[in-house]
Structures are given as structure tokens and as C-alpha cells.
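Residue numbers (my numbering): 58 to 483.
Below, the structure written as C-alpha cells:
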């Protein structure tokens, strides 16, 4: 959805229509309308739909957030608590922490924009045992230690190569094992048999990554931990078997890391806006949405912001753990979209002008409300390790198997047939 030819929001038209009730409503979030005429344009992505009408109603003023300082995992390290409170102290202030995926992206920013982001986004992907088996190696832990030494914050996701049953042929190689099409591993069946081989392989992989997380804990480095991300999209194998299996796996990992491995350096981030996929407030510290809108759209990602606020009852911080297009800081403030931080994806998303041109990137990083590494100060303070952090001695092996500037909410009625349409609002 585009407003007045500019950025807008992604609108998901869920097929909830029936023969008896052929129209359904879809929420499109908030739009900032100018005085007079405004044009809202709907551009089809995929699927088929009709737009019948648009409803607009005044949006209530934002309420103070209700996020507690208490983390969901017991006995966090002092530095873990310090990281969370540093994020929380700025949450809702109109400021946003900047982030960049991969050290090469950070270096590019430093060389071309002249600024260093506050957060580095890293990946445990090549520590996955079925990638190590084929010769993959990673320096992500070392990269985290280096960025932490500079005073930065560290976030990790894990593109988990499936524990077994990789397709691994000429057209679908082993490194595609993160995707649904890259493996036949049956998550639901594995979880249903805790004494089975596949369940053991799940634990084996989870334990392999715990070794790396324990290295970071031993170095007194807290991590924003984002496992099983984008599960509701279905393109990764951990989301291919539906929400119940994915939530069970998430909770299994949470218990294993918290109670078995004694990891106290993790802030747990759940990365989905869909309520049926939410594993629960008791195992989630932060909620996130990965934003990849159309090229040229630097909008505030407001619809998903509102969805996450509702999902967490405004008791969880909300973030943008991955963005293709960096949201415009000015629009974030106008829409009161209080995203805690953004992490721009790597390669073309940061090093070319395709998604974020150089002038825009410089403007973002020059904005005083976009917090950079230099704005962090000594956020760890005097926090020190208060838990014994040790790396397991076991060897991990793998066997393969409408007045001016009024904020309004809009709701779109949808049905089934593809068109591109626009509506003029007065």
C-alpha cells in the first residue's frame, strides 16, 4: 500500500472469506494524511483480490510502553541485563539504535558513510554440524568478540542447516539445507519421539551452537539471540511443519540453553508477527519483524509495528532485526513507530544504491536520533561475570542421515481477484 506516491505498508490479505461472507477486512496500519486529497494505491504482490472500500478512523494517541526490565531467562549476567536496559532506556524516546549485518557491511559503512553502527548482526549458520561436515567454517564468534571490544552490541541469528536428510544433489546442494526445499527432515515426527534418532540430532545441533554461545559467555559478551526466525513464512525447514512444531522446538531450545547449558548471556528475540506462531511471553524478551518492502519504500513499517505491539500486549520491546530498506527516521518519529533498533542486511542492501542510496544512508547516519557506536558510551558499566562460564568438554560430532497531519488507521476490505487499484480520500 502506497500513500501519495511514497512509502506505505505491506498489507496481508488473509483468505478468510466464505461463500456466505465473501468479503473480509484486513488492517493496513496507520497512515499520515495531508489536509485535502490523499491517494492510497494498492499494488499487487502475488495472489488475487478485489478492493471494495477503505475505512479510516482516527488513531488514538500512543500510550506509554509497559516493558519490564525483567528478562525471561533467570539469573542473567550483569552485562546481559545492562544490554537489555540500554535498549530499554531509549525505547519510546524517538531514538533508534542502528545496526548492520556482517563485518563487511560494517566496514563498508565506515569507509563510505563515515559512521559505525551500534549493533552488528552475525550468524551461527556455518557452525551448523551438517555444514561443518562439508567443510564450512566460521569466524562469527571472533567477529563478535572484536566488535564487543570496540564497545558495540552483538545480535545473532542462526540459519540452521537441517540436522539430517539434506537433498544434496546437483540442483539442491547441501548448503541449501536451511530451506524447506533443501531437506526432507520431518520436524513434527522428530519431536514426537524424544527417544528417537532425529530428536537426538536436534539436541546435537542445539548443543553444538551452545558451545559457541558459551564461548561468548566466557568472554562476558551478551547476545540478542534470534533463533528460528521468519518461521511463519514457511521457507525455512523449521517453519515448514506448522506453528505447533516450531513453538515446541523453540521451547526445547530455550530450556536446553537455560537449564542444561546454563547460558545467562542471551536476550531471546522472537521473529514473527503471526499470533498463532508466538511461543509465549514467558520465553520471549523482544519481538521482531524482518522488513523487505518494495524498492524505494523507506516507510515506518507501521502495520507490523502495530501488530507486534498488540502481540506482546505492549509489554515487549519491538525491533527490526533485518531490513532491506532502512526506514526513514523522520517517518518513524511522525508515526510514533518506536522500533528499538534496525539491522540492515548485507551485500547489495548496504553496499549499492539499489535499496538505500548513498545520500539516504548518509542522511540516516547523520540523524541525531539514529544511535551509532559513538553514542553508546560504556554501556556495560561495571558489569562483570557473576556466573561460572565454562565451555563443555564434550566433542561435538555429526553423523549425516483528515485535518493536516492527522494520524488515521485504515482497514481494507478484500476478496478474491487480482487487481491494482487506487482510492482517493478527501
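All residues carry an ideal CB built from backbone N, CA and C; glycine is no exception.
In this model, residue 217 and residue 185 are separated by some 6 Å (Cα to Cα). Residue 222 holds the alpha-carbon nearest to the alpha-carbon of residue 240 among 202, 222, 189.
For the pair residue 275 and residue 389, the Cα-to-Cα distance works out to about 37 Å. Taking the Cα of residue 407 as reference, the smallest distance to any Cα among 258, 97, 162 is reached at 162. A direct Cα-Cα distance of roughly 49 Å separates residue 203 from residue 113. Residue 180: member of the beta strand (DSSP E) spanning 176 to 180, first to last residue.
Residue 171 is classed as exposed because its beta carbon has fewer than 16 other beta carbons within 10 Å across all chains shown. For residue 396, the three-state secondary structure derived from DSSP is coil. Annotation: the continuous alpha helix (DSSP H) that includes residue 187 extends over 186 to 189.
DSSP places residue 224 in the coil class of the three-state scheme, outside both helix and strand.
Secondary structure within the stretch 195 to 239: the alpha helix (DSSP H) runs of 4 or more consecutive residues, fully enclosed, are 197 to 206 (chain order). Taking a contact to require three or more Cβ pairs closer than 8 Å, the stretch 91 to 108 and the stretch 372 to 389 do not qualify as touching. For secondary structure counted as the alpha helix (DSSP H) over 4 or more consecutive residues, the stretch 117 to 170 holds these complete runs in sequence order: 135 to 147, 160 to 169.
Three or more Cβ pairs drawn from the stretch 235 to 250 and the stretch 301 to 313 lie within less than 8 Å of each other, which places the two stretches in contact. Out of 230, 414, 421, the CA that lies nearest to the CA of residue 353 is found in 414.
Sequence-distant Cβ neighbours of residue 269 in its own chain, meaning closer than 7 Å and more than five residues away, are 181, 184, 198. Bounds of the alpha helix (DSSP H) holding residue 417 are 415 to 423. Here residue 264 carries a helix assignment [DSSP, helix/strand/coil]. The three-state secondary structure of residue 346, taken from DSSP, is strand.
Within the stretch 286 to 366, the complete alpha helix (DSSP H) runs of at least 4 residues fall at 300 to 312. The C-beta distance from residue 365 to residue 330 rounds to 6 Å, short enough to fall under 8 Å.
In chain order, 81 place their CB closer than 6 Å to the CB of residue 73, counting only its own chain and leaving out the 5 sequence neighbours on each side.
For residue 378, the secondary structure class from DSSP, reduced to helix, strand or coil, is strand.
Here residue 274 carries a helix assignment [DSSP, helix/strand/coil]. In this structure, the beta-carbon distance from residue 139 to residue 432 does not fall below 9 Å.
By a beta-carbon distance limit of 8 Å, residue 400 contacts residue 178. Their separation comes to about 4 Å. In this structure, residue 66 and residue 93 do not form a Cβ contact; the two beta carbons are roughly 21 Å apart against a cut-off of 8 Å. Going by DSSP, residue 411 is part of no beta strand (DSSP E) at all; its letter is neither H nor E. Contact between residue 278 and residue 250 is ruled out by a C-beta separation of about 36 Å, above the 8 Å threshold.
Approximately 5 Å separates the beta-carbon atoms of residue 397 and residue 144; this is inside 8 Å, confirming the contact. Residue 115: member of the beta strand (DSSP E) spanning 108 to 115, first to last residue. Listed as beta-bridge partners of residue 60 by DSSP are 97. If you check the CB distance, residue 359 and residue 386 do not come in under 9 Å.
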